[in-house]
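Asks: Dumping the structure here so I can ask a few things about it.
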Ligand SMILES: [Fe+2]
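In this note's numbering, the protein residues as written are 648 to 829.
This is the structure we're talking about:
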C-alpha cells in the first residue's frame, strides 16, 4: 500500500453526461436522520446512496464485462460532515465522479508514519476533477470531510469482484481507447 499511488485521475476522459449529474444532484435521497431500527440485516446503515442509471451506459457495460459485478450508485454526504477513516469491506477499487465543483470537500488517504507509532500518519489528498472519473484504491485507509454548507454528491462505481485490484482497473483504463461520451 502506498500513498504515492492510491488514486488516479482520468482527466483525459469525457465529462460525465449532464443527465447523470442531474440525476445525482436532484433525485430524492433517504433521510439518514430519520432512520430507525429495525435496520436491514440488523445493521445501522453507513452510507446514503441511491441507484444510478449510469449502469445502462456502454462504458459501464464494458467494465462489468471485463471485471464482473460493479455497484453503481450516487452517494450524498451532509454539509459539515466527516465520513470516518476506513478501508472498504466490499471492494478493493472504486471509480468516483464528483458531481460539482466542491472545493472544500476533502478526500484523504493515510498511512502510518511508522509501524511503531500508533497515532501518527502521513496523509495525502485525493484531488478530484469535477465530472471526470477518479480511480481510488479503497484498501488504503481513507476518509471524506465535507467542509461545506452544501451536500457533497458523487457517482460511485464499486468493483465487487474482490480479485480485481486498483492496479488492474488503472491499467485497463489508462490503455482504454479515446471516446466521446459514456
Ligand atoms: Fe470508502
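The beta carbon of each residue, even a glycine, is placed where N, CA and C say it ideally should be.
(1) Which whole runs of the beta strand (DSSP E) in the stretch 743-815 are 3 residues long or more, in chain order?
(2) How should residue 671 be labelled, buried or exposed, when 16 other C-beta atoms within 10 angstroms of its C-beta is the threshold for buried?
(3) Quick one, which of 793, 759, 721 and 808 has its alpha-carbon nearest residue 666's?
(4) Taking the alpha helix (DSSP H) that residue 668 belongs to, which residues open and close that run?
(5) Residues near ligand 1, CB to any non-hydrogen atom under 6 Å, in chain order?
(6) Are the stretch 784-804 and the stretch 681-691 touching, with three or more C-beta to C-beta distances below 8 Å?
(7) In the DSSP assignment, the alpha helix (DSSP H) including residue 705 goes from what residue to what residue?
(8) Quick one: what's got a C-beta closer than 6 Å to residue 663's C-beta in the same chain, skipping five residues either side?
(9) Going by the CB atoms, is the gap between residue 807 and residue 746 shorter than 8 Å?
(10) Going by DSSP, what residue range makes up the beta strand (DSSP E) through residue 719?
(11) Which partner residues of residue 697 appear in the DSSP bridge assignment?
(12) Just to confirm my understanding: we take residue 702, look at its own chain, exclude 5 residues before and 5 after, and list those with CB closer than 6 Å. What are they?
(13) Determine the direct distance from the alpha carbon of residue 737 to that of residue 713, and round the result to whole angstroms.
(14) Can you have a look at residue 734 and say buried or exposed, based on whether 16 or more other CB atoms are within 10 angstroms of its CB?
(15) So residue 682 is in the beta strand (DSSP E); what residue range does that whole segment cover?
Replies: According to the structure data:
(1) Segments of the beta strand (DSSP E) lying fully in the stretch 743-815: 752-759, 768-772, 780-784, 789-793 and 799-806.
(2) Indexing the chain shown from 1 puts residue 671 at position 24. By the neighbour-count rule (16 or more Cβ atoms within 10 Å), residue 671 is buried.
(3) Here the question's residue 666 lines up with position 19 in the chain shown. Out of 793, 759, 721 and 808, 721 has the C-alpha closest to the C-alpha of residue 666.
(4) For the purposes of this step, residue 668 is identified with residue 21 of the chain shown, where counting begins at 1. Where residue 668 is concerned, the enclosing alpha helix (DSSP H) stretches over 665-673.
(5) Residues with their Cβ less than 6 Å from any non-hydrogen atom of ligand 1, running along the chain, are 733, 735, 785 and 789.
(6) Touching, no, given that fewer than three Cβ pairs across the two stretches are closer than 8 Å.
(7) Here residue 705 is taken as the residue at index 58 of the chain shown, counted from 1. From DSSP, the alpha helix (DSSP H) with residue 705 extends over 705-714.
(8) As a first step, residue 663 must be located in the chain shown, where it is residue number 16. Excluding positions up to five away in sequence, the list reads 744 and 778.
(9) As a first step, residue 746 is located in the chain shown; it is residue number 99 there, counting from the start. As a first step, residue 807 is located in the chain shown; it is residue number 160 there, counting from the start. Not a contact, by the Cβ cut-off of 8 Å.
(10) Counting from one through the chain shown, the residue named residue 719 turns up at place 72. It spans 717-724 - the beta strand (DSSP E) in which residue 719 sits, taken as one unbroken run.
(11) Here residue 697 refers to the residue found at position 50 of the chain shown. For residue 697, the pairing in a beta bridge is given by DSSP as 721.
(12) For this step, residue 702 is matched to residue 55 along the chain shown. Correct list, in chain order: 719.
(13) Taking the first residue of the chain shown as 1, we reach residue 713 at position 66. Taking the first residue of the chain shown as 1, we reach residue 737 at position 90. Those two C-alpha atoms are separated by around 18 Å.
(14) Along the chain shown, read from residue 1 onward, the residue named residue 734 stands at position 87. Taking every protein chain shown into account, the CB of residue 734 has fewer than 16 other CB atoms within 10 angstroms, so this residue is exposed.
(15) Position 35 of the chain shown, counted from the first residue, corresponds to residue 682. Element bounds for residue 682: n/a, residue is neither H nor E.
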